[in-house]
Each structure stands twice: as structure tokens, then as C-alpha cells.
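Numbering (the working numbering), first residue to last: 435 to 574.
All C-beta atoms in this analysis are idealised placements derived from N, C-alpha and C, irrespective of residue type, glycine included.
Structure record follows, encoded as C-alpha cells.
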């Protein structure tokens, strides 16, 4: 098992990919805010989070122990398969006089929140790699 295939790294990578894809969907909504008849969409955050929790094994029974008390952890499945299956869903906003249901202020707020999440995820992932680097440097 590769050291980067277990633990938080694949989960963080999947969450980053989801956040990036969601950012693209939100930007598309903003770009079409004045297009008559355009209907806004978003990625289903709850669906992705539930699939990621399932892939990470949250809520499963503890793993069996081996010699030395080191737990055996199978490779954590990433949420990338789930991410590929997700597609934008309509937001269901109330359309205006031109049939467009995008409210630029709401989309800007969603984009700001998503950008903050993306930044936090990149910092967490960077710290994970820093920990691996420190562990490698401590070895003779």
C-alpha cells in the first residue's frame, strides 16, 4: 500500500476536485445571469459528502489489529468515481420576467464560500504532505 493511498490524502484530493468542479458550475451561473431563459444549477453537495463518508469508512467497525498494535487499514477509496457520476442539478429558483432564475448576489456568496473551503482543503493537504516529508527526513 502506498503511503498516499491511505488516510486523509485521497479524501482531501476528492474534496478538492469536487470544490473545483462546483466552482466551475457556479461561475457558469454567474456568466449566464443575464441570459434570458437560463436556469441556474449546482452540484449536490449532500450526495457527494455522503459518498465521501462512505468511501472513507466513517461509521464502520474498527479495523483488526496486527503484530505491534499497528492497525491494518485498507486503501481508502476516493470519491473520484462518485465525482464523475455527479452532474449539476437545477437550483429551482424563482424565474424572473425573462425566465432566468440566477441571482448574482447569491451565486457570488456561494462562490466565496466555496473558495474558502477550497483554500482550507489545499492548506490541509499541504500539511499532510509536510508531515510525510518530516517523517521521511527523520529517517537516517
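Is it the case that the Cβ atoms of residue i and residue j are separated by a distance below 8 Å?
i: residue 450; j: residue 562; result: no
i: residue 527; j: residue 470; result: no
i: residue 486; j: residue 459; result: no
Quick check on DSSP: helix, strand or coil for residue i?
i: residue 459; result: helix
i: residue 476; result: strand
i: residue 444; result: helix
i: residue 538; result: helix
Taking all protein chains shown into account, decide if residue i is buried (16 or more other Cβ within 10 angstroms of its Cβ) or exposed.
i: residue 530; result: exposed
i: residue 444; result: buried
i: residue 541; result: buried
How many Å lie between residue i and residue j at the Cα?
i: residue 523; j: residue 466; result: 16 Å
i: residue 509; j: residue 558; result: Note that residue 509 has pLDDT 45, beneath the 50 cutoff, so the model's placement of it is unreliable and the number below is only indicative. If you take the alpha carbons of residue 509 and residue 558, they lie about 20 Å apart.
i: residue 519; j: residue 570; result: 37 Å
i: residue 535; j: residue 456; result: 18 Å
i: residue 442; j: residue 565; result: 12 Å
i: residue 572; j: residue 461; result: 44 Å
i: residue 551; j: residue 448; result: 13 Å
i: residue 481; j: residue 468; result: 29 Å
Cα-Cα, which of the options is closest to residue i?
i: residue 453; options: 538, 564, 554, 565; result: 554
i: residue 521; options: 560, 550, 474; result: 474
i: residue 472; options: 463, 478, 480, 486; result: 463
Shorter than 7 Å, the distance from the beta carbon of residue i to the closest heavy atom of the ligand PLP, or not?
i: residue 461; result: You won't find the ligand PLP in this model; it holds no ligand whatsoever.
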